[in-house]
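These notes concern the structure reproduced below.
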Amino acid sequence: MTDPVNRAEFDSLTPTRDFTRRNFVQTAIGSGFAAAVLPVVAQNVITTPSDGLVVGEVTIDVAGFKMPAYRAAPAGGKNLPVVLVISEIFGVHEHIADVAKRFARQGYLAIAPELFVRQGDAGSYGEMAKLMSEVIGKVPDAQVMGDLDAAVAWAAANGGDTARLGITGFCWGGRITWLYAAHNPAIKAGVAWYGRLVGNATALTPRHPVELAGDLKGAVLGLYGEKDGGIPLDTVEKMKVALAAGSAAAKRSEFVVYPDAPHAFHADYRPSYRQAAAQDGWARCLAWFKANGVA
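Counting along the sequence shown from 1, when you hit position 194 you're at 188 in the numbering used here, and nothing is skipped either side.
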C-alpha cells in the first residue's frame, strides 16, 4: 500500500457491515458523498444550515492552474479569521463542506481546497485500492503546500484576516495539517485529526510529521483514537518526544487520545463515528484555535 496511508489504515476506512444507504454521489464540490464511502450511515449525518452564510465553490489560481475549493463564511463578513479544512482521501464531499459550514457559523472564513484535482476525481472512485494507487499516491507534498499557500492568498483577498490563520484536517488531511504547520510561518495553530505521523520517505512524500516536529510554526493539537488500526500509539509517543525537542510551537503542541475510539471517529457519515469523542474533539478544536490567536 502506498504511503501516506498504510494497509491497516486502508482497511479501517472500508465499511465492514451494511448500513442504511443514503444514495448520493458527488456531482459538485461539497455535494453528495464519495463513491468509496457509500453506503453512508444516514441517521448520523450532521447537516449544518446555510442561512446567514455565503457557501459554495470558488476557484483559486495556483500559478495559472484553476483549483476548485469550497468556501463557507458569514454573509457580509470582513477581516474574518481563516481556517483551512483539509479532507480525507475522498476529497471535498458533503461532510467536509459541512465541517466548513460549522466553522463559518463560528465566525470563520473556512476554505476546503480540492487538493487531488490534478491527479483525478477522488469522489468518483468506488474502489479504495484504485483510488489510492491512481490518485492519492500520486499527489506530491510540495504540490499540496503550494496549493494551500494559494488558498491563504485567496483568503487574504476575499475577506479573510490571514494574521489569524489556522488549519485542520482529517486522516490524510491530518498528516497535511502537521506538514503545513511546519511550512507556513503565518500559521497560528493546527488541529490534526488522526493523521499519520510516520512513514517511508519517497520522492513525493520526503518527510513526515515526526521529522518536521522541530520546525512547527504554529502549535498543533492532535486528536487520535486509541483503537486506530492504522496509527499505533507508539507513533504518537514518538511524535511527543520529537515535539518536546522542537520549536516553541512544537513544545506547546498537545495530544488527546480517545479511549476505544477507532480511526475516523469524527466522520459522522461512517460506521467509525463516535459521537462523544467527535463532540469533545470539536469543542477542543474551537478552544485550541481561540487560545492560539486564530479565533
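Where a beta carbon is used, it is the ideal one built from N, C-alpha and C, also for glycine.
Computed from a prediction, not measured in an experiment: that's the story for all the values here.
Query: When the Cα atoms are used, what is the spatial distance from residue 253 to residue 218?; Result: 9 Å
Query: Take residue 291 as the anchor and find which of 251, 187, 180 and 136 has the nearest alpha-carbon.; Result: Outside the shown range of the chain, which is -5 to 289, sits residue 291, and nothing can be said about it.
Query: Out of 225, 249 and 250, point me to the one whose CA is closest to residue 257's CA.; Result: 225
Query: When we look at the beta-carbon of residue 247 and count the other beta-carbons within 10 Å, is it buried (16 or more) or exposed?; Result: buried
Query: Return the CA-CA distance between residue 223 and residue 70, expressed in angstroms with no decimal places.; Result: 44 Å
Query: Between residue 263 and residue 87, what straight-line distance do the alpha-carbon atoms span, to the nearest angstrom?; Result: 11 Å
Query: Residues in its own chain within less than 7 Å of residue 260 by CB, not counting five upstream and five downstream?; Result: 164, 187, 272 and 275
Query: Looking at C-beta atoms only, is the number of pairs between the region 237 to 247 and the region 205 to 218 that lie closer than 8 Å three or more?; Result: yes
Query: Can you tell me whether DSSP reads residue 304 as helix, strand or coil?; Result: In the structure as shown, the chain begins at -5 and stops at 289. Residue 304 is therefore absent and cannot be evaluated.
Query: Of the choices 139, 109, 118 and 269, whose alpha-carbon is the least far from that of residue 175?; Result: 139
Query: Starting from residue 59, follow its DSSP beta bridges and name the residues at the other end.; Result: 56
Query: Given a cut-off of 8 Å on the beta-carbon distance, is the pair residue 50 and residue 65 in contact?; Result: yes
Query: Beta-carbon separation of residue 74 and residue 109 under 8 Å?; Result: no
Query: How should residue 121 be labelled, buried or exposed, when 16 other C-beta atoms within 10 angstroms of its C-beta is the threshold for buried?; Result: exposed
Query: Between residue 126 and residue 84, what straight-line distance do the alpha-carbon atoms span, to the nearest angstrom?; Result: 10 Å
Query: Going residue by residue through the region 164 to 228, where are the continuous alpha helix (DSSP H) segments of at least 4 residues, counting only ones entirely within it?; Result: 166 to 177 and 203 to 206
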